[in-house]
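Step one of this worksheet: look at the structure below.
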Ligand code: NDP
Ligand code: OXD
C-alpha cells in the first residue's frame, strides 16, 4: 500500500506567486502534496515549509515540520519570525546561477564607480567634453564584506579585473588574488584606503547597521559604497550625511529597510544614489524551483543537505 504523500506548504507575500510556486514544485515533485500556506487543508500533516518573508506564526502552526526552505540565500527573513519553531533545520537556496548574477551586478557597479560614469553622464547632459582620467584598476583598492558563496565569487571577479581586492569575513579565509582580513581585529586594515566598498554580509545581530558613519569615516575620502546584501545593514541617515560631506561620493543600493522602496523615499531622487529594486541576484522561479525540489528530495531521503544554514549563527 502506498504511504501518504510528503506534504509541503509554500508562502510568498503574493498569493498569486505562492500558487505559481506550488504549481511548479508540484510538477517537479510528483507524488508530493504541495499547497499554498493560506489554503493548507491539514496543518498537522505539513512536513516542509518553502517560504520567502513568512509572517510571524505561519510556520509555528505545523507541528510535524522537518525543514524550512528559504527561497533565497539569506535566512534573515525566516529568523525574523518571532514564533519560529526552534531547531527546525533551515535550507538556503544557493547555486551557480545566484553567484553568476551577483558577480555580474558587482562587476557592473564597481566598474561604473571606478570609471566615474555618474560624472561622465552628468557631463553628457550638459554637452561637455569632460575627459575624466582615473587610475587603472590595479591602483584602486576595493573591498568586499563577506566572503561566502556570493562575496567570494564577487571578490574573485574584481581581482580578475585587476583591482587591488580585499575581502573581510568572520573567520580567516583564503581566496586567490584577494587579500583577506578577518574579524573585528582585521576590520580597520580592511577598510583603510578602500575606495569602493561592496557589502555582501548576511543580516545578523552583529552586522545590522554596520554601514554607518564610523565605517564611512574609515574609507578613503570620496569612496563609493555598494549595498547588495540587506537594507538594515545601512544606517540611512549616516549615508546621506556622508554623501553631503563628500566622505562618500556615490552609493549604489539594491536593498532597503522597507521594500518595495516607498515612492516618496528621498533615495529615489538623490543625485549621488543609484537605486536598483533588489535584483542584484534574484533567482528566476524555474531555476530556484529546480534547486529547491532537489534539496527537498535529498533532505527527505537523507535527513540533510549541504546548503543548511546555521540559525544560531544567523546565516
Ligand atoms: P554566506 O552565508 O555564504 O556568507 C556570509 C559571509 O559573511 C561569510 O564569509 C561570513 O564569514 C561573513 N560574515 C558573517 N557574519 C560576519 C561578521 N559578523 N563579520 C564578518 N564577516 C561575517 O552568504 P551568501 O554569500 O550566500 O549571501 C550573503 C548575503 O547576500 C545573504 O545573506 C543575503 O542577505 C544577500 N543576498 C542578496 C541578494 C540580492 O539580490 N541583493 C541575493 C542573494 C543574497 P565566514 O566565512 O567566516 O563564515
Ligand atoms: C536572497 C535574496 O537572499 O534574493 O537570495 O535577497
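In my numbering, the protein residues as written are 956 to 1270.
For glycine and all other residues, C-beta sits at the position ideal for the given N, C-alpha and C.
For residue 1012, the three-state secondary structure derived from DSSP is coil.
Cβ-Cβ separation between residue 1171 and residue 1192: approximately 12 Å, too far for a contact (criterion under 8 Å). Residue 1028 has its Cβ nearer than 6 Å to a heavy atom of the ligand OXD. Secondary structure of residue 1057 (DSSP, three-state): helix.
A distance below 7 Å separates the beta carbons of residue 1112 and residue 1058. A distance below 7 Å between beta-carbons, with the five flanking residues on each side excluded, links residue 1107 to the following residues of its chain, in chain order: 1130.
For residue 1204, the uninterrupted beta strand (DSSP E) run begins and ends at 1203–1208, by DSSP.
The segment 1224–1238 makes no contact with the segment 961–972: fewer than 3 CB pairs, one atom from each, lie closer than 8 Å.
Closest by C-alpha distance to residue 1221, out of 1233, 1195 and 1232, is 1195.
Beta bridge pairing from DSSP links residue 1151 with 1097 and 1179. Judged by the Cβ position, residue 1034 fails to qualify as a neighbour of the ligand NDP at the 6 Å threshold, every heavy atom of the ligand being at least this far. Annotation for residue 1267 indicates a beta carbon at 6 Å or more from all heavy atoms of the ligand NDP.
Distance between residue 1187 and residue 1050, taken at the CA atoms: about 24 Å.
Residue environment for residue 1146: buried (at least 16 other C-beta atoms within 10 angstroms of its C-beta). Looking only at 1190, 1159, 1163 and 1152, the smallest Cα-Cα distance to residue 1176 is reached by 1152. In terms of Cβ geometry, residue 1189 and residue 1166 form a close pair [threshold 7 Å].
The beta-bridge partner set that DSSP reports for residue 962 consists of 988. In this model, residue 1123 and residue 1101 are separated by some 6 Å (Cα to Cα). Boundaries around residue 976 are those of the alpha helix (DSSP H), 970–983, since no beta strand (DSSP E) includes it. Looking only at 962, 1020, 1184 and 1000, the smallest Cα-Cα distance to residue 1053 is reached by 1184. Taking a cut-off of 8 Å for Cβ pairs, the segment 1029–1036 and the segment 1072–1081 do not touch, as fewer than three such pairs fall below it. Distance from the CA atom of residue 1241 to the CA atom of residue 1007, rounded to whole angstroms, is 16 Å.
Each residue's CA atom was taken as its position, placing residue 1210 and residue 1044 some 26 Å apart.
Distances from the alpha-carbon of residue 1016 to those of 1091, 1090, 1004 and 979 put 1004 closest.
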